[in-house]
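Q:
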């Protein structure tokens, strides 16, 4: 399990969202409330959009709570859209190239969950990545493969469709290998304009994913944040603050698209490759 | 809070003690059972005695559970006496020089607990270290200062006496600064022959410290270990394995001296400096 | 030896100064031209001023050339005043708290050179730091002690005077210990408004220190930089680019004060403590 | 470029070979004499054989010269066969999984040099690795792919043959991609009994590789080492010590097999796959 969040809205010091709220993502790195593995200390990452064409990226293998550089960066950089992740490694080594977010051009991508028994199908999934994206795979996680499959399957022109085709491809490969219920995930990805969130598993319930109901509800979550960011939306693995009612929990098999403070909800269903 | 253990007895692959038991020290780095702060992921250290004059030392700022080098070292190095520690940093930075054990000549030293409000008396304590030991202080923890005070106060010729004089000195400095109940600690130290354990706080109860009752009781803790190490003793912050009855909990204000598998118990009382 | 640089002037992406010029500071981390020890790979640091009250700080023990986070931060953060340093460790451990710049309030400080035989006088120098600054010493370098002595000796109200009193104090302590020619150094420090550079040794020549002659001369150093930063000044251990004539080498026993693109030069002489 | 060495012979403290000689591998990490890129500071690794079935492995991304753990491990562990490597990264990220040696079962493998324009053929080479070895690829270097190709091509039953088939395969894939002279390399690999060294490029000269002529010649290289290890052989990228005459330089397109102190030389020629 991992934990992640995305912020979209009024430009704000990252620190306001990442460190200051109760049960902040940094607190969750030490002790998440709604995760099977409460400790998410196998590295972290922060990607933020500023005035450059591509987002900035800061990733480290240290536990987020003891990295002074993350603290300093967060309290000196402002952004109107950023994506952060704290990792609990399962199979893959703890190294910066396995830390989320992953970046390609303007895109950032985070993942929580797993492709079950990935070791049995990794080679086939990797082979399904388009050759032009193959060389930009720098690590060894299932997450990075999922992202590069989405790039291969049209992320630029149809983001949610690419996620659906990726999920369909993974399930069809896994089904052939007789892996039960292979996908159990939330995804977060963004091109710097819109933030996409997906929650999906075929059977049962995927890991939790929620977003702030109304910008004004932020007052209950973190008064200082509400003041600093009157127009914003936070999408997160679990609520920040101590007011769960301020958060809308996204149902399984669904997706959201956030632009500025606006949220649109959609169903999400894997789109398998033609037989 | 931190967690530590010492092993003394039959030469054994370190891995047998450090990784294989249930609730091993490595498990405790992720989630200790008897600590206020269950996560001890701000670095770790292992000191072991072999055929060289001084012990070997391996320290790292990574969480112990995700450091592959520790795993490899432990499963390739045998030792008849070693000391390991997983750290939950309080005030001092997470850096190798702040990881325990600390080493000086043949001595290794670990500490769990704290000198309360150390910031108000650190300078005075530091200048109480004898000049000949001052330059070997490489980090910034209260623990390392305690060790160097003990070196200054006769650790070589009278180990438990040096610990008592150190505790007496710290309390007298803290009392002048009006710090309440300044010491709350367990200490472990060894010259490669004997292992010394101290549990002390003036009021209330110090952090837990226990040792295996009888070598044969190890069978309940970890059958493979009992087989591999018929003559041994483990001293630890909390029990390994799932058989608390196999462990003797050391009372507050007391000390033990372990040589091979033999354990002797003593009262422990600070020895304040002459007025 | 180490290498450092300070930039003051038109707000600019840090990357323009830190990475893009020929013989950039990052190149110097791998192979400096004018240093006895050409490799400066024992960590690095970057301090930058933005819209917050205190400067941001990013320090790491990795070689500057292989740290992807430094590259990303530099190409996404703009600043009108920043200070960067690449380290070749002499005696002190390689750890973040020993990486320059050091920070206190609005001040940043870097150092190149050494206090000779520091081990013989470290304790006395440390003791001379005012108690109110003692607790903010987080590492173990001579450089950080020098900075905290300057803070103790009036850095806020008289920056160059504080440097002179620090140098006078170090020399007087070292002279009593019969250490020959104890100081061999360049210093860089800034409050976010002015950058102070000092080059000093009592006998012989201190490490090199130079600044760009005229902003227009930057065209020869790095045309893109000159374009991006029409009003700026760079102070550095050795010239960037391939046009040494574009740089003014500061004589031994002298100091400069840079504000925006303006440079004023002063003699520098230690100011010993009253007998 | 990288630098590596293998030791085979009398059990010895690793430190004797790794740190103590002049121009030791650790010195070469800071400044190699016979390499295009003199600095090899992008991580290092040490693999050693002891009493366990598989070799121990210690790898780190720090420069070898400033890693205190390597120093301690080397001065506390004895071995009669070990392999060490210091890395100058070319394309692949600096992370432990990209540090040599690579390990599989009893095998260790190091590489110096490159597959030219690897980015154009990495995907094809990766998919030529046998599926049963695919999942044990943990990093992203060309070196690790070469090792896994050798495992796929019969390393266990015919070590030099597997190297020849790997080289033949790489050249045939590269030739189809019109990459000129694709292989420029030395290889070192061992099963814990024999050490294999290969030096090969099709045109021109591969990186240097040499071994000590006679155990007695070691006296000129490092008298203490000769005394400690009367029966040994060192295979290295460049001579240790200051007596080049004590070393035999292996010609291009050749291989050596070392068992204990015995050396046998062979020609080496790629063995391309059947058309």
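Chains as they are written, first to last, in this note's numbering: chain A, 599 to 873; chain B, 599 to 873; chain C, 599 to 873; chain D, 599 to 873.
We treat Cβ as the ideally placed atom computed from N, Cα and C, and that holds for glycine.
To the nearest angstrom, how far is the alpha carbon of residue 789 of chain B from that of residue 755 of chain B?
A: Roughly 11 Å separates the two Cα atoms.
Q: Mind checking which residues open and close the beta strand (DSSP E) that includes residue 748 of chain C?
A: Unbroken run through residue 748 of chain C is the alpha helix (DSSP H), 740 to 750; no beta strand (DSSP E).
Q: Return the residue from the list D:673, D:656, D:730 that minimises the CA-CA distance to residue 696 of chain D.
A: The option with the nearest alpha carbon to residue 696 of chain D is D:656.
Q: For chain D, check one thing: does any of its Cβ atoms lie closer than 8 Å to the Cβ of residue 650 of chain A?
A: Output row for residue 650 of chain A: interface = no.
Q: Does the separation of the CB atoms of residue 663 of chain C and residue 610 of chain C fall below 8 Å?
A: Contact flag unset, no.
Q: Between which two residues does the beta strand (DSSP E) holding residue 655 of chain A run?
A: Note, residue 655 of chain A: beta strand (DSSP E), 654 to 658.
Q: Measure the Cβ-Cβ separation of residue 677 of chain B and residue 743 of chain B and say whether it is below 8 Å.
A: No, the pair does not count as a contact, with Cβ atoms beyond the cut-off.
Q: Compare the C-beta of residue 692 of chain D with all C-beta atoms of chain C and state if any pair is closer than 8 Å.
A: Closer than 8 Å: yes.
Q: Just list the alpha helix (DSSP H) runs in the region 791 to 840 of chain C, keeping only unbroken ones of 4 residues or longer that don't cross its boundaries, in chain order.
A: Whole alpha helix (DSSP H) segments, 4+ residues: 816 to 819, 821 to 826.
Q: Mind checking whether residue 604 of chain D and residue 781 of chain D have CB atoms under 8 Å apart?
A: Not in contact: residue 604 of chain D and residue 781 of chain D (Cβ atoms no closer than 8 Å).
Q: Counting only Cβ pairs nearer than 7 Å, list the residues of chain D close to residue 696 of chain C.
A: Neighbours of residue 696 of chain C on chain D: none; closest Cβ ~11 Å, over 7 Å.
Q: Looking at C-alpha atoms only, which residue of A:629, A:692, A:679 is the closest neighbour of residue 736 of chain D?
A: Here the closest residue by C-alpha is A:692.
Q: Starting from the beta carbon of residue 717 of chain C, find every residue of chain B whose beta carbon is closer than 8 Å, and list them in chain order.
A: Result: 733.
Q: Does residue 736 of chain C have its Cβ less than 8 Å from a Cβ in chain B?
A: Taking Cβ atoms only, chain B reaches closer than 8 Å to residue 736 of chain C, which makes this a yes.
Q: Indicate the three-state DSSP secondary structure (helix, strand or coil) for residue 783 of chain A in the structure shown.
A: Here residue 783 of chain A sits in strand by DSSP.
Q: DSSP three-state call for residue 698 of chain B: helix, strand or coil?
A: Coil.
Q: Measure the Cβ-Cβ separation of residue 620 of chain D and residue 673 of chain B and say whether it is below 8 Å.
A: No, the pair does not count as a contact, with Cβ atoms beyond the cut-off.
Q: Any beta carbon from chain A within less than 8 Å of residue 670 of chain C's own beta carbon?
A: Output row for residue 670 of chain C: interface = yes.
Q: Name the chain B residues whose beta carbon is nearer than 7 Å to that of residue 714 of chain C?
A: Going along chain B, no residue has its Cβ under 7 Å from residue 714 of chain C, so there is no contact; the nearest lies around 15 Å.
Q: Quick check: residue 831 of chain A and residue 809 of chain A, are their CB atoms within less than 8 Å of each other?
A: Cβ distance < 8 Å, so residue 831 of chain A and residue 809 of chain A count as in contact.
Q: Does residue 627 of chain D have its Cβ less than 8 Å from a Cβ in chain B?
A: No, its Cβ sits nowhere closer than 8 Å to a Cβ of chain B.
Q: Taking 7 Å as the limit between beta carbons, can you name the residues of its chain near residue 738 of chain A, skipping five residues before and five after?
A: Closer than 7 Å at Cβ, skipping near neighbours: 690, 691, 696.
Q: For residue 853 of chain D, which of helix, strand or coil comes out of DSSP?
A: Strand.
Q: Would you check if the distance between the CB atom of residue 635 of chain C and the CB atom of residue 629 of chain C is smaller than 8 Å?
A: No. Outside cutoff.
Q: Is the region 755 to 771 of chain D close to the region 809 to 827 of chain D, with three or more CB pairs under 8 Å?
A: Output reads no: the region 809 to 827 of chain D does not touch the region 755 to 771 of chain D.
Q: Please return the same chain residues whose Cβ sits closer than 6 Å to the Cβ of residue 800 of chain B, not counting the five positions on each side in sequence.
A: Excluding positions up to five away in sequence, the list reads 779.
Q: Is residue 840 of chain C buried or exposed, if buried means 16 or more other CB atoms sit within 10 Å of its CB?
A: Burial call: exposed.
Q: Which residues of chain D have a Cβ atom closer than 8 Å to the Cβ of residue 656 of chain B, listed in chain order?
A: What residue 656 of chain B touches in chain D: 667, 670, 671.
Q: Where does residue 675 of chain C sit, in a helix, a strand or coil, going by DSSP?
A: Coil at residue 675 of chain C, not helix or strand.
Q: State the beta-bridge partners of residue 708 of chain D as determined by DSSP.
A: Residue 708 of chain D is bridged to D:786.
Q: Any heavy atom of the ligand MG closer than 7 Å to the Cβ of residue 863 of chain B?
A: This structure does not include the ligand MG; it has no bound ligands of any sort.
Q: Work out the CA separation of residue 787 of chain D and residue 705 of chain D for me, nearest whole Å.
A: Looking at the two C-alpha atoms, the distance is approximately 7 Å.
Q: Suppose you measure from the CA of residue 854 of chain A to the CA of residue 757 of chain A; what does that come to, to the nearest Å?
A: Roughly 11 Å between the two C-alpha positions.
Q: Quick one: which chain C residues come within Cβ less than 9 Å of residue 725 of chain B?
A: Within 9 Å Cβ-Cβ: 721, 724, 725.
Q: With distances taken between CB atoms, is the gap from residue 857 of chain D to residue 762 of chain D smaller than 8 Å?
A: It is not a contact, given that the beta carbons lie outside the stated cut-off.
Q: Identify the continuous beta strand (DSSP E) that holds residue 861 of chain B and give its terminal residues.
A: 860 to 865 is the span of the beta strand (DSSP E), which, as asked, contains residue 861 of chain B.
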